[in-house]
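Residue numbers (the working numbering): -7 to 181.
Backbone N, C-alpha and C define an ideal beta-carbon position, used for all residues, glycine too.
Nothing here was measured: the structure is a model prediction, and the numbers come from that model.
Worksheet for the structure shown next.
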């Protein structure tokens, strides 16, 4: 009798309907791709300028690779309303000495942070100069690009400082002398 009851209970367990399923769960990390900048408009042109801050940029990007571009409207010259120029003799770009809060340079983009000369009229009269450790260019029409930077983790709040040098403008007429810089970032997914 015990064997019959045990056999019936086994049949009852096997006869109970069962179900299984498979599901996925997860989410998305949205693309962060921006660069912001602020320029200095209180430069002193009455004396020589040597590695003077002219702009600061903050870069954020979480794509696998990106390119930053800066376009100088006057191809590296401070120009007044009459077209009189005070030429920049060097332009340098690099990571600022102090970080702004939570900052991380994406692994693989370290060359972006290295201070390097992007333009030097004393070494190249055609206004083309290798930049950012050889990965970028400054073209004769005033466009500087970093080249493609590939990273394995995100670049977060990285401050870049642009500096310039110039010869004294003491012999030019008084007035406001400006260079306009347009900048952008392109993400590659």
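Inset, instruction - Let me know the secondary structure DSSP gives residue 60 once reduced to three states. - result: strand
Inset, instruction - Round the Cβ separation of residue 154 and residue 85 to the nearest angstrom and send it over; I've been treating them as touching at under 8 Å. - result: 5 Å
Legend entry - Counted within 10 angstroms of its Cβ, other Cβ atoms place residue 80 as buried (16 or more) or exposed: buried
Inset, instruction - Answer with buried or exposed for residue 150, where buried requires no fewer than 16 other C-beta atoms within 10 angstroms of its C-beta. - result: buried
Inset, instruction - Please name the residue in 41, 176, 141 whose C-alpha comes closest to that of residue 28. - result: 176
Inset, instruction - Compute the distance between the beta-carbons of residue 39 and residue 157, then report whether it is under 7 Å. - result: no
Legend entry - Reduced DSSP secondary structure (H/G/I, E/B, other) of residue 118: For residue 118, the predicted model reports a pLDDT of 35, less than 50, meaning its position is unreliable; a value from the coordinates is still stated below. In the structure shown, residue 118 sits in coil (DSSP, three-state: anything other than H, G, I, E or B).
Legend entry - Option in 66, 20, 10, 141 with minimal Cα separation from residue 174: 66
Legend entry - For residue 47, the three-state DSSP class (helix, strand or coil): strand
Inset, instruction - Please name the residue, chosen from 43, 73, 24, 178, that lies closest to residue 138 on a Cα-to-Cα basis. - result: 178
Inset, instruction - Check residue 96 in the structure and name its three-state DSSP category. - result: strand
Inset, instruction - Using DSSP bridges, identify the partner residues of residue 179. - result: 58
Inset, instruction - Taking all protein chains shown into account, decide if residue 51 is buried (16 or more other Cβ within 10 angstroms of its Cβ) or exposed. - result: buried
Inset, instruction - To the nearest angstrom, report how far apart residue 166 and residue 44 are at their CA atoms. - result: 20 Å
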